[in-house]
Amino acid sequence: MTARRLTGGPVAQRLRAETDDNVSTLRERGVVPGLAVVVATDNEATLWYVRSIARAADRTGVHCRVVDLGAGAGAEEISSALTLLSADEDIHGIILQTPLPPGVAVDELVAHISPAKDVDGANPLSLGRLTVGQRAFAPATARAVVEILEHYEVPLAGRHVSVVGRSAVVGKPLVQLLLQRDATVTVCHSRSRPLERYTSEAEVVVAAVGRPGLLTGDHVRAGAVVVDVGTNVLDDGDLVGDVDPVSTGQVASALTPVPGGVGTVTTALLVLHTTQAALQAGEEPAFAQPSGSGISA
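Residue numbers for the sequence shown follow numbering that gives the first Met the number 0, so the first one is 0 and each next one is one higher.
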């Protein structure tokens, strides 16, 4: 079996079309949507990702301000930057990019992001609203997984989905999005051993750990759909995911590529969320989802 490639390009193109419509509406109001990305690291994978966000924003007429505080920034400096951006009327979306410097806890900082500008769903209030089925900006990477599956008409209702990874950025919010679509979800993590015991039973497997080659063809059942969320930069500069595409591609029915898969959709969603936040500035509730993919409990 040769797995079908579930590329993110067509999904991102649809999202960009909605973004273009929003930008046109905002221009009629004299508003330029603004996205701020706060960075405090020299991690090359992170910097590559931030550059991709900036390029995606520029292509659609969204102003992207990268606030690079340096790898030595402390919690007070980062929280101050987030507070100032939350009060800046020219900024409609804010992202705190991880990883952060050693000793700086992201959980304590994301609360400084205004929920109305929390376009990557990092603030605990956003995550809480998502959990109980209320409208909120979901973390873009988690939503990108669902957007891809729905675009390629992969059934979720009643299907067994195995999510490998339990981070607050991808794994946990993705579980909520999948449950809202009536999937039966298994969450795997470092204590889930052997891993293949859980992943090989699932009809859909999502790998979101950040470890190259974590999943191979031995981890998935024949005909499974595999979504690779991993973004790992190798020593030679190559970008790879968490899934071995060769062995897995011989077993799975469909597989997202890296690059060109989830990451492409993630950046498109971040920009779209920014335009939605700009449209709703000053309104309550200031939360939104891409059209056609609203949340239902």
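The beta-carbon is built from N, C-alpha and C at its ideal position, and this holds for glycine as well.
Just so it is clear, the structure is predicted and the values come from calculations on it, not from any experiment.
- Query: If you count every other CB in all the chains shown that lies within 10 Å of the CB of Q275, and 16 or more means buried, which is it?
  - Reply: In the sequence shown, residue 275 corresponds to position 276, counting from 1. Around the beta carbon of Q275, 16 or more other beta carbons sit within 10 angstroms, so the residue counts as buried.
- Option nearest L268 by Cα separation, candidates A139, S191 and T230: Within the sequence shown, the letter at position 269 stands for residue 268. Selected option, being the one with the closest Cα: A139.
- Message: Pop quiz: V144 and L173 are said to be a contact at Cβ under 8 Å. What is the actual Cβ separation, rounded to whole angstroms?
- Response: Numbered from its first residue, the sequence shown carries residue 144 at position 145. Numbered from its first residue, the sequence shown carries residue 173 at position 174. Rounded, the Cβ-Cβ distance is 6 Å, consistent with contact.
- Query: Whose C-beta lies closer than 7 Å to the C-beta of V49 among residues of the same chain, with five residues either side of it excluded?
  - Reply: By 1-based counting over the sequence shown, the position of residue 49 is 50. Cβ neighbours of V49 beyond the five flanking positions: V36, V38, V65 and Q96.
- Compute the beta-carbon to beta-carbon distance between K171 and R180, rounded to the nearest angstrom, for a pair I have assumed lies under 8 Å. Taking the sequence shown and counting its residues from 1, the one referred to as residue 171 is at position 172. Taking the sequence shown and counting its residues from 1, the one referred to as residue 180 is at position 181. Between R180 and K171 the Cβ distance is about 16 Å, and since that is not below 8 Å, they are no contact.
- Message: Measuring only the C-alpha atoms, how far is R210 from Q12?
- Response: Reading the sequence shown from its first residue, position 211 is the one you call residue 210. Reading the sequence shown from its first residue, position 13 is the one you call residue 12. Going by the C-alpha atoms only, they are around 28 Å apart.
- Range covered by the alpha helix (DSSP H) that runs through A143: Within the sequence shown, numbered from 1, the residue matching residue 143 stands at position 144. In the DSSP assignment, A143 falls within the alpha helix (DSSP H) that extends over A139 to H150.
- Item | When V261, A44, A137 and P256 are compared against V232, the one with the closest alpha-carbon | As a working note, residue 232 is residue 233 in the sequence shown. Nearest option by C-alpha distance: A44.
- Quick one: which unbroken alpha helix (DSSP H) runs of 4-plus residues sit fully inside the region 81-164? Chain order, please. Whole alpha helix (DSSP H) segments, 4+ residues: 105-108, 123-130 and 139-150.
- Own chain residues within Cβ distance below 7 Å of A53, not counting five before or after: Translated into positions along the sequence shown, residue 53 becomes position 54. For A53, where only same-chain residues beyond five positions count, the Cβ hits under 7 Å are C63 and V65.
- Spatial distance of I147 from G248 (CA atoms): Residue 147 sits at position 148 when you count from the first residue of the sequence shown. Residue 248 sits at position 249 when you count from the first residue of the sequence shown. When only Cα atoms are considered, I147 and G248 end up about 18 Å apart.
- Item | Beta-carbon proximity of T18 to L271, cut-off 9 Å | Translated into the one-based positions of the sequence shown, residue 18 becomes position 19. Translated into the one-based positions of the sequence shown, residue 271 becomes position 272. In this structure, the beta-carbon distance from T18 to L271 falls below 9 Å.
- Message: My output table needs one value for G33: the three-state DSSP class, helix, strand or coil.
- Response: Taking the sequence shown and counting its residues from 1, one reaches residue 33 at position 34. In the three-state DSSP reduction, G33 falls in the strand class (E or B).
- Message: Please state whether the Cβ-Cβ distance between T230 and L214 is less than 9 Å.
- Response: Position 231 of the sequence shown holds residue 230. Position 215 of the sequence shown holds residue 214. Not a contact, by the Cβ cut-off of 9 Å.
- Query: How many Å lie between V239 and V257 at the Cα?
  - Reply: Position 240 of the sequence shown, counted from the start, is the residue given in the question as residue 239. Position 258 of the sequence shown, counted from the start, is the residue given in the question as residue 257. If you take the alpha carbons of V239 and V257, they lie about 6 Å apart.
- Whole-angstrom C-beta distance between G212 and V250, which should lie under 8 Å: Stepping through the sequence shown from its first residue, residue 250 is reached at position 251. Stepping through the sequence shown from its first residue, residue 212 is reached at position 213. Contact between V250 and G212 does not hold, since the beta-carbon distance rounds to 15 Å and is not under 8 Å.
- Selection from L99, T263, A137 and G7 that minimises the alpha carbon distance to N42: Residue numbering aside, residue 42 sits at position 43 when the sequence shown is read from its first letter. The residue with the shortest Cα to Cα distance from N42 is L99.
- Going by alpha carbons, who is nearest to G7 out of T273, V225, T263 and V224? Mapped onto the sequence shown, residue 7 falls at position 8. It is T263 whose Cα lies nearest to the Cα of G7.
- According to DSSP, is I167 helix, strand or coil? The sequence position of residue 167 within the sequence shown is 168, counting from 1. Sequence check: residue 167 is Ala here, not Ile. Correct three-state label for A167: coil.
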